[in-house]
Structure formats: structure tokens, C-alpha cells
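S.K.:
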Amino acid sequence: MKNIKRILAAFLACAMIAACTACEKKDETTSSTPVESAAVATADTATKDEAAGEIKFATEGKLTMATNASFPPYEYYENEEIVGIDAEAAKLIADKLGVELEIKDMEFGSIIGAVQTGSVDIGMAGMTVTEDRLKTIDFSDSYAKGIQAVIVKDGSDIASVDDLEGKTIGVQESTTGDIYATDDFGEENIKRYNKGNDAVAALVSGVVDAVIIDNEPAKSYVASTDGLKILETSYADEDYAVAVSKDNKALTEAINKALKELKEDGSLDAIVEKYIPAE
Ligand code: GLN
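So for the sequence shown, the numbering used here puts the first residue at 34; every next one is plus one.
The following block contains the structure:
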């Protein structure tokens, strides 16, 4: 019942790619999902594509990526620099396109608008492919699998997703955790935060009873905070992909081609393994 929307979203994401390998349940510790990329037109120069025309860049010579850098291990600050799976994968994509990578950090809820208006070229932020988002932007092929997880305090009486009924749930604003939980448990039970860490801090201080957030950041928050645990049952299974403007089909095709190569030569797996070592 509650899961119908998520199942549909997962199906839709799978339908976008040639093979449905992304739907297979995988070990949560490896987020890279090898998927067959749709054939793309051959690009014999770095920035041209025969079928879809020329790639447009917000700033010439640069691939400008919008992200929300409080989402470890996909994007977070190490000293002054934004690092993580998305940051490194985007760098390899930019290299293949023959341009520099520039990362712009913003609120998660601003990323789609920035992609849509063309102030950035791509959104890469552990972003889930959803039917609603596909109405306003395009997504590349999926490059990783996401899971919406539930974090509670040790000793909490919440043992499964069904126990969330009537509880106060913390989410990161505009994320799928926010969208689905609002739908399932009611606006009045949801508290929204700009950053995942703020939602977790609210859980620690007892303002919320649970946090619904992507599984890898959840693991990282739980590892760095005493007294929290992740429920064994997940809330939703998702696919992450790169957001691109609907007016930049050539860029989506070039990214799909780059992703296919990075999957085939093992570079994407190597990045994932660096940030999410297999247990
Ligand atoms: N995967 C979630 C979404 O797309 C959250 C992403 C994030 O917080 N960076 O909504």
C-alpha cells in the first residue's frame, strides 16, 4: 500500500535503462549499480554529439555541478574541499568531456531549479530518480542505488516502518524522505531540516522520534553519534542519477556515455570502494 509509489518510482527508474539490474537487491555496502547504458550517439569531439546537437555549458570550459555538500559519503567537506563519490565521479565525467569541474554548494531544494534554469549544468547530490522530478528535469542513467533508512535512538519503541505512525519524523527538506514521509504519515508529523545533521541533532535532543534519510549518510551520522541505530527494515529503495536540463539532451547523452565507460573500466566501482569499503 504505502510502498506502491516507491515501487513505481523504482520501476520507472529501471525502465529508463536498458537492463533492470538496478532493481536487484544488492548488498547495501556497495552503492554502485552496474547498469547497461542506452546506446549513445558517437561523439568524435569532446563536446559535440551528432544526434542531440551541441552540449551547452553554463560557463564555457566548465562542467558546473550543483550539490548539497552535507551528504557523506557522496558529498561533504574535507577541510575546504568538497569530496565524495559524486564529486569524484563528476570530475571523471568532466575529464571525459574535456572541461574543468566546478562544484556549487547549495540547499538540496535549490538544485533542481538551478539545473532547470541553466545556472548550473548538472545536479549530482545522491539524487533519486522520481516520476515527479522527471516532469521538470532529465536524469542520466543510474550510477548508484539509494535506500531510505530510518534512524532511531537505541531503546526506541519504533522497531519497524509501521511503528512510525503518529510519531514525529525528522527529514531533510525536499528530499524523497521528506516527500514520501509527508505523504505516508501526514504533514503534521514531519519536521524539516536543511541538513541531515540537523535532523539527527533533533533526534538526539528528542525533538523528533525518528529520522528518515538516505542509508549511507545515515550510517555516517550513526557512526559519529552515540546512542543511535538504523532500523533493519528500509523505508524505500531508490536509484541515484545525474540531473540535467531538458534543454541539454546532448549533455545527458555525453554523461551516459561517460558513465558507461566508467562502469565498464571499473573507475566508478573504485570510487565507491574508496568511500564505502566493502565490509
Ligand atoms: N536521495 C534523496 C533525494 O534525492 C536525498 C538526496 C540528498 O539529500 N542529497 O531526495
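By construction, the Cβ of each residue, glycine as well, lies at the ideal position given by its N, Cα and C atoms.
If you're wondering where the values come from, they're calculated on a predicted model, not measured in any experiment.
Just the Cα atoms here: how many angstroms apart are lysine 290 and glycine 94?
M.R.: Walking along the sequence shown from the start, residue 290 turns up at place 257. Walking along the sequence shown from the start, residue 94 turns up at place 61. Their backbone Cα atoms lie some 19 Å apart in a straight line.
S.K.: With C-beta atoms as the reference, is isoleucine 115 less than 8 Å away from alanine 102?
M.R.: Looking up residue 115 in the sequence shown gives position 82. Looking up residue 102 in the sequence shown gives position 69. Result yes, Cβ atoms of isoleucine 115 and alanine 102 sit closer than 8 Å.
S.K.: How far does the beta strand (DSSP E) with glutamate 286 in it reach, from first residue to last?
M.R.: The count along the sequence shown starts at 1 and reaches residue 286 at position 253. First-last for glutamate 286: 282 to 297, but that is the alpha helix (DSSP H), not the beta strand (DSSP E).
S.K.: Spatial neighbours of threonine 169 within its chain, please: CB distance less than 7 Å, with the 5 preceding and 5 following residues excluded, ordered by chain position.
M.R.: The residue labelled residue 169 in the question sits at position 136 within the sequence shown. Ile145, Gln149, listed in sequence order.
S.K.: Which same chain residues end up closer than 8 Å to alanine 147 when comparing Cβ atoms and leaving out the 5 residues on each side of it in sequence?
M.R.: Here residue 147 refers to the residue found at position 114 when the sequence shown is read from its first residue. Answer for alanine 147: Ala99, Lys137, Met139, Val153, Gly156, listed in chain order.
S.K.: Consult DSSP for tyrosine 268 and reduce its assignment to one of helix, strand or coil.
M.R.: For this step, residue 268 is matched to residue 235 along the sequence shown. Coil at tyrosine 268, not helix or strand.
S.K.: Could you check if alanine 177 belongs to the surroundings of the ligand GLN, using beta carbon to heavy atom distance under 7 Å?
M.R.: In the sequence shown, residue 177 corresponds to position 144, counting from 1. Checking every heavy atom of the ligand GLN against the Cβ of alanine 177, none is found closer than 7 Å.
S.K.: Could you check the C-alpha separation between lysine 252 and aspartate 171 for me, to the nearest Å?
M.R.: In the sequence shown, the residue the question calls residue 252 occupies position 219. In the sequence shown, the residue the question calls residue 171 occupies position 138. Each residue's Cα considered, the two are about 29 Å apart.
S.K.: Could you give the distance in angstroms between the alpha-carbon of lysine 89 and the alpha-carbon of isoleucine 184?
M.R.: Here residue 89 refers to the residue found at position 56 when the sequence shown is read from its first residue. Here residue 184 refers to the residue found at position 151 when the sequence shown is read from its first residue. Answer to the nearest angstrom: the Cα atoms are 41 Å apart.
S.K.: Relative to the C-alpha of leucine 292, which residue among Asp119, Tyr107, Tyr176, Lys262 is closest?
M.R.: Reading the sequence shown from its first residue, position 259 is the one you call residue 292. It is Tyr176.
S.K.: Specify whether the segment 255 to 267 and the segment 234 to 244 touch according to this definition: at least 3 beta carbon pairs, one from each stretch, less than 8 Å apart.
M.R.: Yes, the segment 255 to 267 touches the segment 234 to 244.
S.K.: Between the alpha carbons of threonine 215 and aspartate 280, how many angstroms are there, rounded?
M.R.: Position 182 of the sequence shown, counted from the start, is the residue given in the question as residue 215. Position 247 of the sequence shown, counted from the start, is the residue given in the question as residue 280. Looking at the two C-alpha atoms, the distance is approximately 31 Å.
S.K.: Could I get the ranges of all uninterrupted alpha helix (DSSP H) runs contained in the segment 221 to 260, with 4 residues as the minimum, in chain order?
M.R.: Those alpha helix (DSSP H) runs which fall completely within the segment 221 to 260 and span 4+ residues are 229 to 237, 248 to 256.
S.K.: Pick out whichever of Tyr308, Val132, Arg225, Ile191 has its Cα sitting closest to the Cα of lysine 262.
M.R.: Indexing the sequence shown from 1 puts residue 262 at position 229. Comparing Cα positions, the closest option is Ile191.
S.K.: Less than 7 Å between the CB of aspartate 247 and some heavy atom of the ligand GLN, yes or no?
M.R.: Position 214 of the sequence shown, counting from 1, holds the residue named residue 247. Yes, the beta carbon of aspartate 247 sits closer than 7 Å to at least one heavy atom of the ligand GLN.
S.K.: Can you have a look at lysine 178 and say buried or exposed, based on whether 16 or more other CB atoms are within 10 angstroms of its CB?
M.R.: Here residue 178 refers to the residue found at position 145 of the sequence shown. Flag for lysine 178 reads buried.
S.K.: Starting from threonine 97, trace the beta strand (DSSP E) both ways and give me its first and last residue.
M.R.: Counting from one through the sequence shown, the residue named residue 97 turns up at place 64. Counting along the chain, the beta strand (DSSP E) containing threonine 97 begins and ends at 95 to 100.
S.K.: Return helix, strand or coil for threonine 209, following the three-state DSSP convention.
M.R.: Against the sequence shown, residue 209 aligns to sequence position 176. It is helical.
S.K.: Give me the Cβ distance between valine 277 and isoleucine 245, rounded to the nearest whole Å; I'm assuming they're in contact under 8 Å.
M.R.: As a first step, residue 277 is located in the sequence shown; it is residue number 244 there, counting from the start. As a first step, residue 245 is located in the sequence shown; it is residue number 212 there, counting from the start. Actually they are not in contact, since the Cβ atoms of valine 277 and isoleucine 245 sit about 27 Å apart, beyond 8 Å.
S.K.: Beta-carbon separation of threonine 161 and glutamate 306 under 8 Å?
M.R.: Reading the sequence shown from its first residue, position 128 is the one you call residue 161. Reading the sequence shown from its first residue, position 273 is the one you call residue 306. Contact flag unset, no.
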